[in-house]
Amino acid sequence: MNYENRLEFAQKMDEQDELKSYRDKFYIPNINGKQTVYFTGNSLGLQPKSTKDYINTELDDWAKWGVEGHFLGTNPWFAYHEMFAEPVSKIVGALPKEVVVMNNLTVNLNLLLISFYRPTDSRYKIICEAKAFPSDQYALEMQVRNAGLNPNDAIIEVAPRENERTIRHEDIIAAINEAGESLACVMIGGVNYFTGQVFDMKAITEAAHKVGSNCGFDLAHGAGNIELKLHDWGVDFACWCSYKYLNSGPGGVSGAFVHEKHCNNTDLPRLAGWWGHDKETRFLMEKGFQPIKSAESWQMSNAPVLTMAAHKASVDIFNEVGMEKLLKKQKTLSGYLEFVVDDISDKHLNKVEGKWLEIITPRNWEERGCQVSVIAHGFGKELFDKLTEEGVITDWREPNAIRMAPVPLYNSYEDIYRFGEILTKAIN
Ligand SMILES: *Cc1c(COP(=O)(O)O)cnc(C)c1O
2 MNYENRLEFA QKMDEQDELK SYRDKFYIPN INGKQTVYFT GNSLGLQPKS
52 TKDYINTELD DWAKWGVEGH FLGTNPWFAY HEMFAEPVSK IVGALPKEVV
102 VMNNLTVNLN LLLISFYRPT DSRYKIICEA KAFPSDQYAL EMQVRNAGLN
152 PNDAIIEVAP RENERTIRHE DIIAAINEAG ESLACVMIGG VNYFTGQVFD
202 MKAITEAAHK VGSNCGFDLA HGAGNIELKL HDWGVDFACW CSYKYLNSGP
252 GGVSGAFVHE KHCNNTDLPR LAGWWGHDKE TRFLMEKGFQ PIKSAESWQM
302 SNAPVLTMAA HKASVDIFNE VGMEKLLKKQ KTLSGYLEFV VDDISDKHLN
352 KVEGKWLEII TPRNWEERGC QVSVIAHGFG KELFDKLTEE GVITDWREPN
402 AIRMAPVPLY NSYEDIYRFG EILTKAIN
């Protein structure tokens, strides 16, 4: 792709964009009466204009039917979660029975670890990436402590090498091989939240299985962003949130994946509740937990229908578009942002003077999704503040990192061009 940092170029790209009509299906926030350049779909995705209707349908049914809405509502609540199996399985590359929508992300991560991190005297180690998202770090720490183990001994963190920004795959594989028979589980963020690096989940899963370990991924930054083939890759378990790339609203409901090969194993340890119990006998309210032979058996409670309605609004959009088109635009869109950042850094800044913009996200498409993370050398938070004042919504991490994620559903090439203009002013 021959990119140009010109408005006409960006507008031409938008004109040719097969997804251009989708931008109008979302509310784009304004600052000071001006439409923002919204690059934080990796943190909180924007609201589809259809979301209100989806929630109102459930509120109206509740008003109209009361408890009978469980069976007589437009989307009977007793089976509300079942509507997600098919469309969400397509987003993460799974079989419908391998996917369930429930709870929130860290809750699901803990539930799955209870099943898939089963330390024994000899096999008790768990591999994760260094500087994992803090919630994941805390979850792993306590899973290990609760098993009576010492985190310093049981948790192996794979870090970037000295003077490098991202983690080398060969180092993850080497750590797996080195841990060998002492390895109980690998649990890595499929897309690193800070650098945007996408890990080779297929290779990691294969390596973990070779030494007899389970392997799972936190896909908070993966679901709805990158190509996932959880079933084919043989991943044991995974979970993700719906409020980042999946645009389902703050604190929205999470998703979980359990590979088919484990779904039929009713002996697998897990926490239980009535919603995971065999549907035929659930309402007999009798003793003896009989797990459903699907990922649904990890459910404990009945569905939080109002937040799920918001999720449904978004999932229907994903289903209509399909991941293939999103992935295609995601590549050219993030490539354009990369180009514009490089162009501005080259033209307006000077590395020798200690001022430059360093893209730390891998540059090859296989190793990144929407997100482009930039270290603004020689700048501080005032740069971020200037960008925000001018209506660019990004994510700032101290001391000088900007994370941006133009997303294919609602971001445009012109967004990126406008960002470039504002950035140029802000650094000069
Ligand atoms: C966003 C994110 C979370 C957030 O967890 P919640 O339980 O939804 O609050 C956890 N892990 C990762 C990797 C994330 O990116």
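Residue numbers (our numbering): 2 to 429. Quick reminder that beta carbons are idealized off the backbone N, C-alpha and C, glycines included. None of the values given here were measured: they were computed from a predicted structure.
Using only alpha-carbon positions, find the residue among the options that is nearest to residue i.
| i | options | result |
| --- | --- | --- |
| Leu113 | Leu231, Glu287, Cys216 and Lys203 | Cys216 |
| Lys262 | Pro409, Glu99 and Glu325 | Glu99 |
| His312 | Asp396, Lys426 and Leu47 | Leu47 |
| Phe27 | Leu328, Tyr39 and Phe72 | Tyr39 |
| Lys426 | Lys348, Asp396, Glu368 and Ser413 | Lys348 |
| Ser44 | Leu73, Met143 and Asn248 | Asn248 |
| Cys264 | Ala185, Gly252, His278 and Ser255 | His278 |
| Phe258 | Ala80, Lys50 and Met103 | Met103 |
| Val145 | Glu422, Ala155 and Phe134 | Ala155 |
| Leu269 | Trp275, Asp237 and Met286 | Asp237 |
| Asp122 | Arg166, Ala148 and Pro97 | Ala148 |
| Leu110 | Ala11, Asp25 and Ala239 | Ala239 |
| Ala224 | Leu184, Ser243, Val212 and Val108 | Ser243 |
| Gly421 | Asn3, Met2 and Arg7 | Arg7 |
| Trp241 | Glu228, Trp234 and Leu220 | Leu220 |
| Glu391 | Asn31, Leu20, Asp25 and Gln17 | Asn31 |
| Ser90 | Gly256, Asp396 and Thr362 | Gly256 |
| Glu383 | Thr362, Leu350 and Asn429 | Asn429 |
| Ala204 | Asn178, Asn226 and Gly197 | Asn178 |
| Trp228 | Lys65, Glu415 and Asp201 | The sequence as given places Glu at residue 228; Trp does not occur at that position. Ranking Lys65, Glu415 and Asp201 by Cα distance to Glu228 puts Asp201 first. |
| Val212 | His170, Lys126 and Phe284 | Lys126 |
| Pro152 | Ile128, Ile189 and His170 | Ile128 |
So residue i and residue j are supposed to be a Cβ contact under 8 Å. How far apart are they, rounded?
| i | j | result |
| --- | --- | --- |
| Phe218 | Ser374 | Contact doesn't hold; Cβ gap of about 19 Å is too wide. |
| Val192 | Ala209 | Contact doesn't hold; Cβ gap of about 18 Å is too wide. |
| Val101 | Glu281 | That belief does not hold up - the Cβ atoms of Val101 and Glu281 are roughly 18 Å apart, past 8 Å. |
| Arg369 | Ser335 | 6 Å |
| Leu424 | Leu388 | 7 Å |
| Thr52 | Ala304 | 17 Å between Cβ atoms; not a contact. |
| Val341 | Ile417 | 6 Å |
| Ile92 | Phe319 | 6 Å |
Run through DSSP, which three-state label would residue i get?
| i | result |
| --- | --- |
| Lys132 | coil |
| Tyr39 | strand |
| Ser315 | helix |
| Pro120 | coil |
| Pro49 | strand |
| Arg169 | coil |
| Glu297 | helix |
| Met188 | strand |
| Asn215 | strand |
| Met143 | helix |
| Met84 | helix |
| Lys181 | Looking at the sequence provided, one finds Gly at residue 181 rather than Lys. Note: Gly181 maps to helix in three-state DSSP. |
| Val353 | helix |
| Leu410 | coil |
| Glu390 | helix |
| Leu96 | coil |
| Gly421 | helix |
Across which residues does DSSP place residue i in a beta bridge pair?
| i | result |
| --- | --- |
| Asp396 | Arg404 |
| Leu272 | Its beta-bridge partners do not exist; DSSP assigns none. |
| Gln198 | Arg369 |
| Ile205 | DSSP lists no partner for Ile205. |
| Leu358 | Ala377 |
Within 8 Å (strictly less), CB to CB, does residue i reach chain D?
| i | result |
| --- | --- |
| Ser413 | Included in the structure is just one protein chain, with no chain D present. |
- Message: Residues around ligand 1, please: the ones whose beta-carbon is closer than 6 Å to some heavy atom of it, in chain order.
- Response: Cβ-based neighbours of ligand 1 within the cut-off: Asn105, Leu106, Thr107, Phe134, Ser136, Asp137, Gly190, Tyr194, Asp219, Ala221, His222 and Cys242.
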